[in-house]
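I have placed the structure first, in the form of structure tokens, so that the comments after it can refer back to it.
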Amino acid sequence: MQDNLKQADTSFIKEVEKRSGQHVVECYQCGNCTAGCPFNFAYDIPVSRIMRLVQLGQRETVLSCHSIWLCSSCQTCTTRCPNSIDVAKVMDVLRHMAREAGYATERNVKAFGDSFLASVKKNGRLHELGVAIGYEMRTGRIFTDIDLAPSMIGKGRLHIKPHPIHNTDQVAGIFNRFQEETHE
Ligand code: SF4
Ligand code: SF4
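At position 11 of the sequence shown the residue is numbered 59 (my numbering), and the sequence of numbers has no breaks.
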């Protein structure tokens, strides 16, 4: 893959390192992370290449790529890195930075994440049916997989109402504090 490299944005490198707590500049491009990544087949930029582009301060290329949204946070890259870099953490930070900068190149993945977090904030824990409805509303994919609902309800995997828990306001408070700090 040929990149049209721009002038290095050193503030991007510093921000990724600070927020992830990882020394991205120490990556020596061995490729172990990419070799083990189960989603490399779907990535537009392999994870080791993303690390290189961060080293080169290529903010826009990195934050607008699809790979950071397709990453499943499986941690394989982290466990395979001979340099003890928590690569999955870096990918997580890049996803946050992409959200903050208004990039969401995989809108359905972002919609699912937003629905998931809204459910936990509201109910204090996950309500699967609420997540499904929230996702369908955000994406317009109404009735997607609705044929699965009867069997899931029958097996007790999908509940009409959320399970009540105590102190949901405290959980919501955590979300509010995070959103105030990150402006997300
Ligand atoms: S955490 Fe993401 S980048 Fe790392 S191996 Fe898993 S899917 Fe690939
Ligand atoms: S495994 Fe570690 S050192 Fe090797 S390319 Fe990936 S991040 Fe860099």
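Glycine is no exception: its CB is placed at the ideal position from the N, C-alpha and C atoms. Small disclaimer: the values here were computed from a predicted structure and weren't measured.
field: Residue burial classification, Thr192 (beta-carbon count within 10 angstroms, cutoff 16)
entry: exposed
Assumed close pair Thr234, Gly182 - CB separation to whole angstroms, cut-off 8 Å: Outside the modelled stretch of the chain, which goes from 49 to 232, sits residue 234, for which no answer is possible.
query: In chain order, what residues of the same chain lie with their CB nearer than 8 Å to the CB of Asn234, ignoring the 5 residues before and after it?
result: Any answer about residue 234 is impossible in this case: the structure gives the chain only from 49 up to 232.
field: Range of the contiguous alpha helix (DSSP H) that encloses Pro198
entry: Ala197 to Gly202
message: Extract the residue ranges of the alpha helix (DSSP H) inside the region 88-129, only unbroken runs of 4 or more that lie entirely within it.
response: 95-103, 107-111, 115-118 and 124-128
message: Considering only their Cβ atoms, is the gap separating Asp140 from Arg107 smaller than 8 Å?
response: no
- request: Go ahead and label Ser132 buried or exposed: buried means 16 or more other beta carbons lie within 10 angstroms of its beta carbon, across all protein chains shown.
  value: exposed
task: Output the distance between the C-alpha atoms of Arg155 and Phe164, rounded to the nearest integer angstrom.
output: 14 Å
query: Mapping DSSP to helix, strand and coil, what is Ile194?
result: helix
query: To the nearest angstrom, how far is it from the Cα of Val72 to the Cα of Phe60?
result: 11 Å
For Val219, the nearest candidate out of His144, Asp195 and Leu174 (CA to CA): Leu174
query: Cα separation between Pro210 and Gly204?
result: 13 Å
query: DSSP state of Ser132, grouped into three classes?
result: coil
field: Rounded straight-line distance, which links the Cα of Ser112 to that of Glu63
entry: 16 Å
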